[in-house]
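**Q**
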Amino acid sequence: MMVKADQRHLYVQVIEHLKRDIETGVFKENERFPSEFELARTLGVSRATLREALRVLEEEKVIVRKHGVGTFVNPKPLFSSGIEHLSSISSMIRDAGMEPGTIFMDVSETNPREEEIAKFDCSRNDSLVTIKRVRTADGTPVVYCIDHVLSKNLSAGTEELLDNSIFDAIEKSGSKRIVQAVAHIEPVGYDDEASSILRCGVEVPLLVLQQHHYSEEGEMVLYSKDYFRADKFNFHVVRKRV
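Numbering of the sequence shown is given in my numbering, commencing with residue -3 and proceeding in unit increments.
1. For the structure I just gave you, are there three or more beta carbon pairs, one from the segment 82 to 101 and one from the segment 125 to 136, closer than 8 Å?
2. Any idea if D102 is buried or exposed, counting beta-carbon neighbours within 10 angstroms, 16 or more meaning buried?
3. Can you grab the Cα-Cα spacing for the pair S147 / D164, in whole Å?
4. Output the boundary residues of the beta strand (DSSP E) element that contains L124.
5. Which two residues bound the contiguous beta strand (DSSP E) that contains S211?
6. Let me check understanding here. Comparing Cα to Cα, which of E34, M216, H208, D187 lies closest to E199?
7. For H63 and R16, what's the separation of their Cα atoms in angstroms?
8. How far does the alpha helix (DSSP H) with M88 in it extend, from its first residue to its last?
9. Going by the DSSP bridge assignment, what does V139 pair with across the sheet?
10. Report the three-state DSSP secondary structure of T106 (helix, strand or coil).
11. Give me the residue from L218, S31, Y7 with the minimum Cα distance to V41.
12. For I181, which option in K168, E19, Q206, E167 has the closest C-alpha, if you only look at C-alpha atoms?
13. By how many angstroms is the C-alpha of F68 removed from the C-alpha of E27?
14. Identify whether T67 lies in helix, strand or coil by the three-state DSSP scheme.
15. Hey, could you find the ends of the alpha helix (DSSP H) K62 is sitting in?
Shown next as structure tokens:
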């Protein structure tokens, strides 16, 4: 179908046309687009106009271009969350109508290093627990979680940690309640450990969410580093004018 002329820029019409084709299933998730020549001819526009439309769609993460391979439709994230809200991964998965689970776990206790002593404001003789888990959605690995917490702030044993949130394990001890976190998000193309565990290759990027969690008294209680599959998760933030 040809793109009809109207008062808007032609490339804007192409963008809307291609988005509509994706929404209606003309082009499906992970499907490769026709060549630029074929697509431009089908839409009745120049290749320059098409390229500008594709550039915008790539910036909006609607499509992804793979050098030497082609242009593909990006799958929509299954999970979307406002990063301004402190919610567990299990809650995010349940909100999407899927069942959360854990298929991998490793727990170790060590004495904190200098940087960890500074972070937690603890002593060298304290015991730092490192918990590694893979969170699943309907059995599919979607997040690799690494959590660090002082053992004195935990009430749960290893078996209980397998099926419960770290927040619950900390707050059940009765001494601390997490009320806020400072978060940093960084995109990562590939990570040897996380990408392998999450069963995704170099073509699936990761979103790394690092968070310092604080109690009501301003004490850092938990440090977490979570690797999210970027094709499954989307984060947003509400900004207000001040």
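Glycine is no exception: its CB is placed at the ideal position from the N, C-alpha and C atoms.
Keep in mind that this is a model prediction, so the values were computed, not measured.
**A** Working from what's here:
1. yes
2. Within the sequence shown, the letter at position 106 stands for residue 102. By the neighbour-count rule (16 or more Cβ atoms within 10 Å), D102 is not buried but exposed.
3. For the purposes of this step, residue 147 is identified with residue 151 of the sequence shown, where counting begins at 1. For the purposes of this step, residue 164 is identified with residue 168 of the sequence shown, where counting begins at 1. Going by the C-alpha atoms only, they are around 14 Å apart.
4. Position 128 of the sequence shown holds residue 124. Element bounds for L124: 124 to 133.
5. For this step, residue 211 is matched to residue 215 along the sequence shown. Counting along the chain, the beta strand (DSSP E) containing S211 begins and ends at 202 to 211.
6. Start at 1 with the first residue of the sequence shown, and residue 199 comes out as number 203. For E199, the nearest C-alpha among the options comes from D187.
7. Against the sequence shown, residue 63 aligns to sequence position 67. Against the sequence shown, residue 16 aligns to sequence position 20. Within the model, the alpha-carbon separation for H63 versus R16 is close to 25 Å.
8. Position 92 of the sequence shown, counting from 1, holds the residue named residue 88. Its alpha helix (DSSP H) spans residues 85 to 91.
9. What you label residue 139 is simply residue 143 of the sequence shown in a count that begins at 1. DSSP lists R131, F224 as partners of V139.
10. To locate residue 106, count along the sequence shown from 1; it is residue 110. It is a strand residue.
11. Taking the first residue of the sequence shown as position 1, residue 41 is located at position 45. Nearest of L218, S31, Y7 to V41, Cα basis: Y7.
12. Taking the first residue of the sequence shown as 1, we reach residue 181 at position 185. Minimum Cα distance to I181 is reached at Q206.
13. On the sequence shown, residue 27 is found 31 positions in, with the first residue counted as 1. On the sequence shown, residue 68 is found 72 positions in, with the first residue counted as 1. One C-alpha to the other measures close to 5 Å.
14. Taking the first residue of the sequence shown as 1, we reach residue 67 at position 71. Strand, per DSSP.
15. Taking the first residue of the sequence shown as 1, we reach residue 62 at position 66. It is not in any alpha helix (DSSP H) - K62 instead sits in the beta strand (DSSP E) that spans 59 to 62.
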